[in-house]
Amino acid sequence: MKRTTGAIAMAGITALLLTACGGDTESDDPTTPAGGEEESEAPADDAGEATDEGEAAEETAAEGEGGDGAEETAGPPAASDGTSLVIWADDLRAAAIEPLTETFTADTGVEVTVQIVAQEKLREQFKDAVGQGAGPDVTIGAHDWLGELVQNNVVAPVQIAPEVAEQFVPESIEAVTFEGQVYAVPYSVESLALIRNADLAPEVPASMEELVTDGEALVEAGDTELVLAQELGKEGNAYSMYPYLAAYGPGIFPLLEEGGFDGSQSILDSPETIQGAEKLAWLGEVGALSTNQDASNVIPNFIDGKAAYMVSGPWAIDQITEGGINYAIDPIPDFEDGGETSPFLGVQAFYVSAESLNPQIAQTFVQEYVPTEEIQVGMFEADRRPPALSAAAEQVQAQDPDVEAWATAAEGGLPMPNIPQMNAVWGPLGKATADIVDGADAAERMGTAQTEVAAALGGK
Amino acid sequence: MSQAPVGQSVATPAWVVATKWLLIALTVLGCTYLSWRAVEAGSWLIVTVAAFIAMAVLVVYATGRGITLKYLLPGLILLTLFQMWPIAYTVATAFTNYGDGHSLTKEQAIEAVQAQSVRPEPDSARYGMSVAIPEGETIAEADLALLLSRPAAEGTSGDNLLEGQELFVGTLEGLEPLPADGVTLRGNGTVGEAPGFQVLTLVEANERAQDVAEFAVPLEGGAGIKAATGTQAFVGRTTTTYDAAADTMTTIDGTVYVAHEGNFVPQDGQGPPLPTGWTENVGFDNFSSIFTDSTLRSGFLKIFLWNLAFPLLSVGSTFILGMLLALLFNDPRLKGKGLYRSLLILPYALPIFVTAIVWSAMFNQDFGMINDVTGLNINWLGDPWPARAAVLITNLWLGFPYMFLICTGALQSIPNDVKEAASVDGAGPIRTLWSVTMPLLLVAVGPLLVASFAFNFNNFGLIYLLTGGRPFEATNSQVGNTDLLITFAYRLAMESGSPNIGLASAVSIIIFLIVGVLSYGMFRQSKALEEVN
Numbered sequence: 000m001k002r003t004t005g006a007i008a009m010a011g012i013t014a015l016l017l018t019a020c021g022g023d024t025e026s027d028d029p030t031t032p033a034g035g036e037e038e039s040e041a042p043a044d045d046a047g048e049a050t051d052e053g054e055a056a057e058e059t060a061a062e063g064e065g066g067d068g069a070e071e072t073a074g075p076p077a078a079s080d081g082t083s084l085v086i087w088a089d090d091l092r093a094a095a096i097e098p099l100t101e102t103f104t105a106d107t108g109v110e111v112t113v114q115i116v117a118q119e120k121l122r123e124q125f126k127d128a129v130g131q132g133a134g135p136d137v138t139i140g141a142h143d144w145l146g147e148l149v150q151n152n153v154v155a156p157v158q159i160a161p162e163v164a165e166q167f168v169p170e171s172i173e174a175v176t177f178e179g180q181v182y183a184v185p186y187s188v189e190s191l192a193l194i195r196n197a198d199l200a201p202e203v204p205a206s207m208e209e210l211v212t213d214g215e216a217l218v219e220a221g222d223t224e225l226v227l228a229q230e231l232g233k234e235g236n237a238y239s240m241y242p243y244l245a246a247y248g249p250g251i252f253p254l255l256e257e258g259g260f261d262g263s264q265s266i267l268d269s270p271e272t273i274q275g276a277e278k279l280a281w282l283g284e285v286g287a288l289s290t291n292q293d294a295s296n297v298i299p300n301f302i303d304g305k306a307a308y309m310v311s312g313p314w315a316i317d318q319i320t321e322g323g324i325n326y327a328i329d330p331i332p333d334f335e336d337g338g339e340t341s342p343f344l345g346v347q348a349f350y351v352s353a354e355s356l357n358p359q360i361a362q363t364f365v366q367e368y369v370p371t372e373e374i375q376v377g378m379f380e381a382d383r384r385p386p387a388l389s390a391a392a393e394q395v396q397a398q399d400p401d402v403e404a405w406a407t408a409a410e411g412g413l414p415m416p417n418i419p420q421m422n423a424v425w426g427p428l429g430k431a432t433a434d435i436v437d438g439a440d441a442a443e444r445m446g447t448a449q450t451e452v453a454a455a456l457g458g459k
Numbered sequence: 000m001s002q003a004p005v006g007q008s009v010a011t012p013a014w015v016v017a018t019k020w021l022l023i024a025l026t027v028l029g030c031t032y033l034s035w036r037a038v039e040a041g042s043w044l045i046v047t048v049a050a051f052i053a054m055a056v057l058v059v060y061a062t063g064r065g066i067t068l069k070y071l072l073p074g075l076i077l078l079t080l081f082q083m084w085p086i087a088y089t090v091a092t093a094f095t096n097y098g099d100g101h102s103l104t105k106e107q108a109i110e111a112v113q114a115q116s117v118r119p120e121p122d123s124a125r126y127g128m129s130v131a132i133p134e135g136e137t138i139a140e141a142d143l144a145l146l147l148s149r150p151a152a153e154g155t156s157g158d159n160l161l162e163g164q165e166l167f168v169g170t171l172e173g174l175e176p177l178p179a180d181g182v183t184l185r186g187n188g189t190v191g192e193a194p195g196f197q198v199l200t201l202v203e204a205n206e207r208a209q210d211v212a213e214f215a216v217p218l219e220g221g222a223g224i225k226a227a228t229g230t231q232a233f234v235g236r237t238t239t240t241y242d243a244a245a246d247t248m249t250t251i252d253g254t255v256y257v258a259h260e261g262n263f264v265p266q267d268g269q270g271p272p273l274p275t276g277w278t279e280n281v282g283f284d285n286f287s288s289i290f291t292d293s294t295l296r297s298g299f300l301k302i303f304l305w306n307l308a309f310p311l312l313s314v315g316s317t318f319i320l321g322m323l324l325a326l327l328f329n330d331p332r333l334k335g336k337g338l339y340r341s342l343l344i345l346p347y348a349l350p351i352f353v354t355a356i357v358w359s360a361m362f363n364q365d366f367g368m369i370n371d372v373t374g375l376n377i378n379w380l381g382d383p384w385p386a387r388a389a390v391l392i393t394n395l396w397l398g399f400p401y402m403f404l405i406c407t408g409a410l411q412s413i414p415n416d417v418k419e420a421a422s423v424d425g426a427g428p429i430r431t432l433w434s435v436t437m438p439l440l441l442v443a444v445g446p447l448l449v450a451s452f453a454f455n456f457n458n459f460g461l462i463y464l465l466t467g468g469r470p471f472e473a474t475n476s477q478v479g480n481t482d483l484l485i486t487f488a489y490r491l492a493m494e495s496g497s498p499n500i501g502l503a504s505a506v507s508i509i510i511f512l513i514v515g516v517l518s519y520g521m522f523r524q525s526k527a528l529e530e531v532n
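Taken in sequence, the protein lines are chains Z and C.
When we follow numbering that gives the first Met the number 0, the leftmost residue of the first sequence carries the number 0, and every step to the right adds one.
When we follow numbering that gives the first Met the number 0, the leftmost residue of the second sequence carries the number 0, and every step to the right adds one.
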């Protein structure tokens with residue numbers, strides 16, 4: 000045994016460059032070739048990986064400096080040279096924002112560097128990089144990150160002028176406000192809506208009940224395979240199921256009088272929310288919702304004509320158009336007994352880093368240039384999310400009838416809670432939605448979810 | 000080593016010497032650059048480490064005095080940097096509450112809370128702003144002044160009116176009217192030129208960005224005029240202030256928050272704490288909560304049992320399948336072995352990221368290939384036992400080629416004469432396999448099986464990509480039925496409601512200890528196998 004360890008160690012070390020220069024001529028040490036052979040299999044693919052993964056906790060710290068995006072901005076472009084503004088965005092939006100910064104550069108002489116960071120990593124990397132004192136000046140992100148970002152002090156307040164704030168859709172400003180302070184400048188408002196294959200289902204269903212009847216008829220006639228396509232998955236999806244859960248009340252947290260949610264207590268087991276959860280159970284029973292539908296197959300099923308109805312958001316439109324589907328967008332129908340489905344609003348916004356070395360430049364960009372029609376319309380053209388600036392929304396409505404449909408669908412919706420407590424809800428509530436759709440008793444299952452969320456909220 | 004005397008430079012060609020010095024120089028340069036960057040970032044630990052490495056390299060390779068360390072030094076440095084340091088860091092983190100909302104130092108948190116609490120005064124004016132310095136001074140050192148302008152109300156008079164704008168100059172002393180003589184305004188209403196001042200452009204002012212950000216023109220009643228952007232200023236007030244003597248935060252409406260376990264919590268116990276907290280030493284709290292918190296404890300035990308079963312079953316199943324295939328393809332009568340063998344390596348050659356995701360789609364109850372082809376209707380990823388089976392099946396697919404490879408190698412090294420001797424002694428094929436081939440095979444692959452066990456014990460990628468630890472218990476969305484300890488730790492650290500890295504570090508340390516003890520035991524066992532020889 001000792002011999003093996005020694006041989007492996009020797010092989011590893013001889014592989015290193017410096018040893019060749021130790022002043023010795025090439026030795027015929029017999030352990031070297033033997034060790035080389037043994038080493039080639041085991042440590043290379045097994046032991047090596049196993050030890051790496053033992054330190055999962057270290058990954059965040061390392062990402063701050065070594066992650067794909069962070070590397071470059073940790074250096075000069077983000078910092079000290081004082082002439083450059085660094086923006087992080089995912090690939091789609093980076094491509095959109097880059098040309099839109101030309102006016103800013105022309106007016107102020109400040110160069111803008113746009114850096115692509117993978118969308119699913121952006122939040123984490125921004126948090127880690129800024130936490131290390133690096134990172135960009137500005138990042139594009141969703142509003143529900145806000146509470147977490149404030150908790151870790153990685154975003155700076157945006158002291159936006161009241162007359163500028165008034166030019167936005169009110170919900171979008173509400174979404175980027177945390178404990179009375181505005182932290183970002185929004186550029187779009189999105190929500191879930193009912194997307195209908197107009198060839199298969201020419202009529203707008205008047206209610207969820209009617210949607211189910213229509214869907215079932217189409218399945219029976221063999222035209223489709225699914226009553227409805229909607230993301231849920233085995234782990235559940237509280238965002239996707241929220242319109243139904245909130246049909247009879249606020250759903251997750253009680254509303255505060257001054258606007259926003261009261262994060263100190265959850266109301267998952269309130270009679271209103273349970274009434275909504277019973278609708279989930281019913282939709283699961285009739286097969287409209289299924290935990291086998293997840294992000295990987297919902298949109299493809301709709302495009303393949305396997306479902307006439309889909310509940311999804313503006314991000315699906317590009318794929319649907321490519322698929323050549325004749326679609327129509329309507330609000331998610333209400334229930335016949337008076338339950339009004341109400342989707343969460345999601346807002347995309349520009350955040351300013353708390354560690355920015357160019358704070359006034361960054362603030363000038365987000366407060367004076369982001370609220371312009373040029374940037375708001377330009378961003379709409381990239382990801383088809385309806386603009387948050389009212390004037391820009393009106394302008395694109397003229398070109399694109401979808402925008403008005405999305406706006407109608409968003410009516411009555413509340414912004415997703417941006418309080419950090421929401422992070423304690425997604426998991427347990429998501430799981431509950433999956434179980435209820437799979438047949439668990441709604442009241443009982445919401446009760447256990449409530450217990451778990453309450454424990455998580457109380458423990459902090 | 001023994002055939003030549005350890006004489007210096009006798010047979011060393013010039014290019015080797017040159018390369019040696021070049022590499023030494025490069026290492027030292029690299030360390031210098033690193034410490035320069037680290038000094039800029041104020042990270043003295045990195046400076047110390049870089050200096051130590053540079054010195055060690057010089058002593059060992061340049062002076063020849065520590066030449067006996069020449070093979071060990073690179074390994075030692077890498078071992079320290081990439082193994083010892085992460086372990087030490089993890090251990091240190093395990094004794095803190097580091098995580099979301101507790102990622103700052105207390106000083107940073109105090110500063111952050113106060114900075115976040117700056118609110119505009121209700122109904123206050125908003126000013127156009129230009130950053131300026133007294134004429135003739137250098138930007139880097141001069142006292143800053145804000146040249147402010149706001150639309151004048153009807154009927155205002157004074158010598159500070161220009162084109163309907165009322166002009167002011169704000170310094171640290173306070174707000175003064177700015178005589179309009181000689182002042183020009185820019186298109187957006189801000190001051191472009193003023194006698195006695197050099198107005199800075201956005202880029203010039205950025206040289207003093209931090210000073211501008213902290214600059215506040217004091218007004219009566221504690222409010223101040225502060226920069227909102229590079230061209231606008233607002234009247235704001237810090238609504239939460241820190242009292243260092245009492246270690247409390249007081250908001251403008253009189254609520255007092257006291258420091259408690261890494262957060263400022265309301266003194267009267269009513270309401271939530273302030274959002275931004277700090278990292279604090281919590282002693283053994285993380286470790287004790289693993290064993291005392293009832294959800295964590297029951298979860299930990301359950302996950303631990305599955306974490307033992309999974310690698311055992313995985314190694315067992317992959318080894319048996321791999322060995323049977325190896326025996327089959329080792330048969331001299333089989334034609335076209337090269338082709339079969341190459342095909343069998345394929346699952347091993349594909350990255351696990353692809354394979355695991357493809358299998359996860361194949362296990363879908365409604366749309367997946369497995370239920371489609373077999374005609375079953377198993378909820379593979381939704382029910383606990385099928386999910387565990389799915390994990391094992393996928394890992395069998397991923398793992399058997401490795402076992403096949405090492406068994407093939409080991410089988411080929413078993414001399415034929417021992418098998419012939421066995422058959423001469425009257426042993427049948429099964430007896431030969433059991434009593435001759437297997438023991439010799441196990442000697443060769445035993446340590447690799449242990450290594451494979453250790454790898455699967457922490458097989459994060461497979462679980463994360465295939466099931467993500469799911470399905471969960473109804474009452475606890477932190478503990479999944481296919482979770483390994485490592486995916487459980489990852490969820491606690493990264494994905495739970497509020498990532499708790501301190502707790503996850505404590506779990507990692509426990510995993511480390513368990514793997515260590517198990518591996519030690521198994522290496523002892525495999526040593527016993529070796530004695531067969």
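Beta carbons: idealized from backbone N, C-alpha and C, even for Gly.
Note that the coordinates shown come from a computational prediction; the quantities given were computed from them, not determined experimentally.
Check                                                                                                                                                                         : Outcome
For residue 193 (chain Z) versus residue 332 (chain Z), is the C-beta spacing smaller than 8 angstroms?                                                                       : yes
Taking Cβ positions only, does residue 64 (chain C) come closer than 8 angstroms to chain D?                                                                                  : No chain D appears in the structure shown, which is made up of the protein chains Z and C.
Where residue 273 (chain Z) and residue 283 (chain Z) are concerned, what is the direct C-alpha to C-alpha distance, given to the nearest angstrom?                           : 15 angstroms
With the cut-off set at 8 angstroms, would you say residue 108 (chain C) and residue 276 (chain C) are in Cβ contact?                                                         : yes
Hey, quick one: how far does the beta strand (DSSP E) through residue 84 (chain Z) stretch, first residue to last?                                                            : 83-88
Compare the C-beta of residue 437 (chain Z) with all C-beta atoms of chain C and state if any pair is closer than 8 angstroms.                                                : yes
Does the beta carbon of residue 201 (chain Z) come closer than 8 angstroms to any beta carbon on chain C?                                                                     : no
Grouping DSSP H, G and I as helix and E and B as strand, with all else coil, what is residue 276 (chain C)?                                                                   : coil
Between which two residues does the beta strand (DSSP E) containing residue 187 (chain Z) stretch?                                                                            : 183-190
Keeping to the same chain, check which residues put their C-beta closer than 7 angstroms to that of residue 141 (chain C); ignore five residues upstream and five downstream. : 132, 133
Ends of the beta strand (DSSP E) at residue 164 (chain Z)?                                                                                                                    : Taken as a continuous stretch (DSSP letters only), residue 164 (chain Z) belongs to no beta strand (DSSP E), being part of the alpha helix (DSSP H) at 161-164.
Near residue 104 (chain Z), which residues of its chain fall below 8 angstroms by C-beta distance, leaving aside the five closest residues on each side in sequence?          : 110, 111
What separation, rounded to the nearest whole angstrom, lies between the Cα atoms of residue 28 (chain Z) and residue 424 (chain C)?                                          : Bear in mind that a pLDDT of 37 at residue 28 (chain Z), under 50, signals an unreliable position, so the model cannot answer this.
Rounded to the nearest angstrom, how far is the Cβ of residue 344 (chain Z) from that of residue 370 (chain Z), given a contact under 8 angstroms?                            : Contact doesn't hold; Cβ gap of about 19 angstroms is too wide.
Would you give the residue range spanned by the alpha helix (DSSP H) that residue 395 (chain C) belongs to?                                                                   : 383-412
Would you say residue 263 (chain Z) faces chain C, with C-beta separation under 8 angstroms as the test?                                                                      : yes
Say whether chain Z places a C-beta atom closer than 8 angstroms to the C-beta of residue 476 (chain C).                                                                      : yes
Measuring CA to CA, which of Z:409, Z:410, Z:408, Z:385 is closest to residue 398 (chain Z)?                                                                                  : Z:385
For the stretch 114-135 of chain C, list every residue whose C-beta sits within 7 angstroms of some C-beta in chain Z, in sequence order.                                     : 115, 117, 118, 119, 125
DSSP has residue 53 (chain C) in a bridge; who is on the other side?                                                                                                          : According to DSSP, which records beta bridges pairwise, residue 53 (chain C) is partnered with nothing at all.
Just checking: is the beta-carbon of residue 239 (chain Z) within a distance shorter than 8 angstroms of some beta-carbon in chain C?                                         : no
Under a three-way DSSP split, which group does residue 164 (chain C) fall into?                                                                                               : strand
Can at least three beta-carbon pairs, one atom from the stretch 352-361 of chain C and one from the stretch 425-445 of chain C, be found at a separation below 8 angstroms?   : no
Can you give the Cα-Cα distance for residue 19 (chain C) and residue 29 (chain C), rounded to whole angstroms?                                                                : 15 angstroms
Name the DSSP bridge partner or partners of residue 309 (chain Z)?                                                                                                            : Z:194, Z:228
When you compare the CB of residue 387 (chain Z) with every CB in chain C, is at least one pair closer than 8 angstroms?                                                      : no
What residue does the alpha helix (DSSP H) around residue 382 (chain Z) start on, and which one ends it?                                                                      : 372-382
Going straight from the alpha carbon of residue 279 (chain C) to that of residue 420 (chain Z), what length do you get?                                                       : 21 angstroms
Residues in the stretch 348-364 of chain Z with C-beta within 7 angstroms of chain C's C-beta atoms, listed in sequence order?                                                : 356, 357, 358, 359, 360, 362, 363
Which chain Z residues sit within Cβ distance under 7 angstroms of residue 102 (chain C)?                                                                                     : 130, 151
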